[in-house]
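Numbering (full-length UniProt numbering), first residue to last: 1 to 955.
Contents: one structure, followed by commentary.
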């Protein structure tokens, strides 16, 4: 039910076909419609819709209403909640009674049993009570990493207080802020450390190493705690630079620890390496969970261990579980790979930042675990509310490891800006609801209200936390992390996700670890990449940068890449970006334009790219240019130089102001759709054919992978050239390509076509057969025609449907600037094609566009799709004996795409390769495809060498 601005009340109604609508209450319903009945999460969602429906995008609202109740639960990830049960310290006490002599805390200096830990904690709790500790009173704990530290945490909980962990190695200013902001009444520390702590008015400093506790009763003080009672305050980095205290209660904490222990398969035989600094909330999960399940923790020393020390401790103490930040885990894995010895750890967990596929594979190969867990979560949702647990055989694609599903008493929502659920596969912001949330920020009601919102999908009083993380949920419920909404960096007007740059850097050959950061330099702010070479590897920063340029947009390619020995880490083991070195080497000054033509070109680049200044030696694409902005430059150059031939290919082939000015001034005629990816090399030329609406840069990564001896030429799609609204045919385009290849190939070549470019490559090869030696024709995920225009697809429209569509088109044509183009295209359609065009318009979810004819506009794309469908409808593949090798995207098969089966058209299909974790759009840039293509191309070329040359190559 909803209410509009005039007070009209609407209800949700449904017809027999399952279609939903909003209808004024009290007005007679249309025939066949009835009031829809919803309950549970769907009803809760509709109540939320009632408050914001006027601002919803209709398609989004309809899509959600059209789901069934089960689908709605899946969309919202509506999970069952677990009761909190006993508090964590009570669970640990139970193991002290059942197995008093079992080890609880293990250090290099010795072991502490459950009984000894419990006794110490109980005595200290009684001392705190004697000091007058009240329920929820905050107690600072600033102790070295030791069994005494764990006992202190337990003592505060047993006495009904709330502990505030402090890492003694943190700066004094931060420690002072934490203790002051928390309002601690007592600080537990040592005599040595007490001198380093700031003085706090009204706070009592207790040196634990000088307390006479032996005479106190060591039985449990028996203080009852309520599930809503405060257990601890942990301080996180604030957006203002001042840490904020997150308040966590006993109930959510206990429920989380129980669910996490089950996820980690914790038992009394488990031994967990405790690595993280206690200032990090994850550190408390990693001592509470093992002890609550009767296991033991192996506590590292106060100083951060090296990878060698960590591996030695895990092997010596029989560690079964270990958790690290991804970058540190990478170092541990590298060392293990070098020594060839993996410790007996069955499960590694990681979190705090994204893990790249390269590090994930290295960990599996070097450390040989049985299970891996990516634990994700903001402190505000109690440590790690989501987790991705997989066996060591698992793989993943994308920049980061998935963050998995909700753990324990939580719900996970992926919502849009209107707080409406996103469909599977769509990006949205992650919200976390349920019982497993913190109270909020200590002493900051405004910040709490901003991030902890009423949960519109839960009952009264339900809350959800706004994470600020952009994610998408897969069909299987697993959530992928995409980046931060509020912590991107901005450079030259472009928003850059540093994690994406780092993930790409880390995947480069010879790179062990990588980071990226903005740094100030004499020429202004620049993006700098940092790489740590793998053991025994020599890396060239210039080569790395060139390789990265083929994989990322120009604005995301670091201006400088520095090779460093190691990455700096914080005490928590996370990357310390502030400690990364600033680039010191000389940065070449920007050369200003020298001629009137250079001045004009530079001015156009500044306008199109939104830059303050452009030097004549700067690369257009490295400045942030792309195919569409190149076309806008082309349009302005054409107006600037009337009567002179200016083509998009010229900008792709001459990517600086200086070289483009020379090319334009010379008047040399260049092929208007040919881009020279690499001009030199001894192997037969590789010709790359474009997909629809594609330039050539999509092939840059492949060309880079193939190496300097592989020359390559790519063709720009006709739809991105001056032919964009001129009707062409497959035969005409293939004829042009064949003529060019005859002139330039030197008698031998390889062809590769992606998407509809595969059809063009095939027809071009047919025309070259017998004239040019073709290594093979590569087919990259070539799909059959769209269903509306497929020759064998039946289309049926009712008279009312036909009339309605024609009225839409008749009202649209006078309003579009492409009217003459559309009328000419429609006039060339026969009756069957016209019917299919109407069906296409009927099934189009949006209004007919009016923003053409500029390339990249919705109308230009719509025109290209319709014309392209007509072009291919009028073309029929004919059989040949061409050598064919095909690569198919795994997700194209899973989604049921109609892929061309080349066995129907060639008697020489030599290989069909399925490329894992790719879809139709990203297969061309996937490293798995690059590697497979290179391997098959090498094999094909070797098979054509005479025996004498094969022997020479082998030597």
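Note that beta-carbon positions come from the ideal geometry of N, C-alpha and C, so glycine has one too.
Remember, predicted model here, so these are calculated numbers, not experimental data.
Contacts around residue 270, its chain only, beta-carbon distance under 7 Å, and the 5 residues preceding and following it disregarded: 290, 293, 295, 320, 321
Per DSSP, what kind of secondary structure is residue 913 in: helix, strand or coil? strand
Looking at the secondary structure, which residues open and close the alpha helix (DSSP H) in which residue 174 lies? 172-182
Going by CA-CA distance only, name the one from 231, 716, 763, 577 that's closest to residue 1021. No information on residue 1021 is available, as it lies outside the stretch 1 to 955 that the chain covers here.
When the Cα atoms are used, what is the spatial distance from residue 699 to residue 664? 26 Å
Which residue from 185, 183, 206 puts its Cα closest to that of residue 192? 206
Under the assumption that residue 839 contacts residue 813 (Cβ atoms under 8 Å), give the Cβ distance between them as a whole number of angstroms. About 18 Å separates the two Cβ atoms, so there is no contact after all.
State buried or exposed for residue 445, treating a residue as buried only when at least 16 other CB atoms are found within 10 Å of its CB. exposed
Count the CB pairs spanning the segment 368-387 and the segment 208-225 that are closer than 8 Å, and state whether there are at least three. no
Residues near residue 358 in its chain [Cβ-Cβ closer than 7 Å; skip 5 each side]: 506, 507
By how many angstroms is the C-alpha of residue 288 removed from the C-alpha of residue 393? 29 Å
Could you check what DSSP says for residue 274 in three-state terms: helix, strand or coil? strand
For the beta strand (DSSP E) that contains residue 889, what are its first and last residues? 880-889
Could you give the DSSP three-state label for residue 984: helix, strand or coil? Given a span of 1 to 955 for the chain in the structure shown, any question on residue 984 remains unanswerable.
Residue 157 versus residue 166: straight-line alpha-carbon distance, rounded: 16 Å
Rounded to the nearest angstrom, what separates residue 366 and residue 286 at their Cα positions? 23 Å
With three or more C-beta pairs closer than 8 Å as the rule, is the segment 435-451 touching the segment 416-425? no
Measure the Cβ-Cβ separation of residue 517 and residue 575 and say whether it is below 7 Å. no
Nearest CA to the CA of residue 168: which residue from 188, 181, 155? 188
CB-CB under 8 Å to residue 108, same chain, minus the five flanking residues each way: which ones, in chain order? 301, 313
Between which residues of its own chain and residue 263 is the CB-CB distance below 8 Å, once the five residues before and five after are set aside? 373, 387, 389, 407
DSSP state of residue 305 mapped onto helix, strand, coil: coil
Taking C-alpha atoms, which residue in 437, 753, 481 lies nearest to residue 900? 753
Cβ-based burial, residue 964 [other Cβ within 10 Å; buried from 16]: A query on residue 964 cannot be resolved here, the shown segment of the chain reaching from 1 to 955 and no further.
Could you spell out where the beta strand (DSSP E) holding residue 194 opens and where it closes? From DSSP, residue 194 is part of no beta strand (DSSP E) but of the alpha helix (DSSP H) over 191-194.
Distance between residue 527 and residue 363 (C-alpha atoms, nearest Å): 29 Å
Three or more C-beta pairs closer than 8 Å, one from the segment 710-720 and one from the segment 677-695: is that the case here? yes
Bridge partner(s) assigned by DSSP for residue 246: 234, 441
Do the segment 475-486 and the segment 422-438 touch if we need at least three Cβ pairs shorter than 8 Å? yes
Who are the Cβ neighbours of residue 202 in its own chain at under 6 Å, not counting the five residues just before and after it? none
Which value, in whole angstroms, describes the spacing of the CA atoms of residue 656 and residue 677? 15 Å
Cβ separation of residue 557 and residue 450, assumed to be a contact under 8 Å, to the nearest whole Å: Not quite, the Cβ-Cβ distance comes to about 36 Å (not below 8 Å), so this is no contact.
Classify residue 650 as buried or exposed, calling it buried when 16 or more other Cβ atoms lie within 10 Å of its own Cβ. buried
Rounded to a whole number of angstroms, what is the C-alpha to C-alpha distance between residue 354 and residue 99? 39 Å
Bridge partners for residue 389 per DSSP, in chain order? 373
Between which residues of its own chain and residue 640 is the CB-CB distance below 6 Å, once the five residues before and five after are set aside? 600
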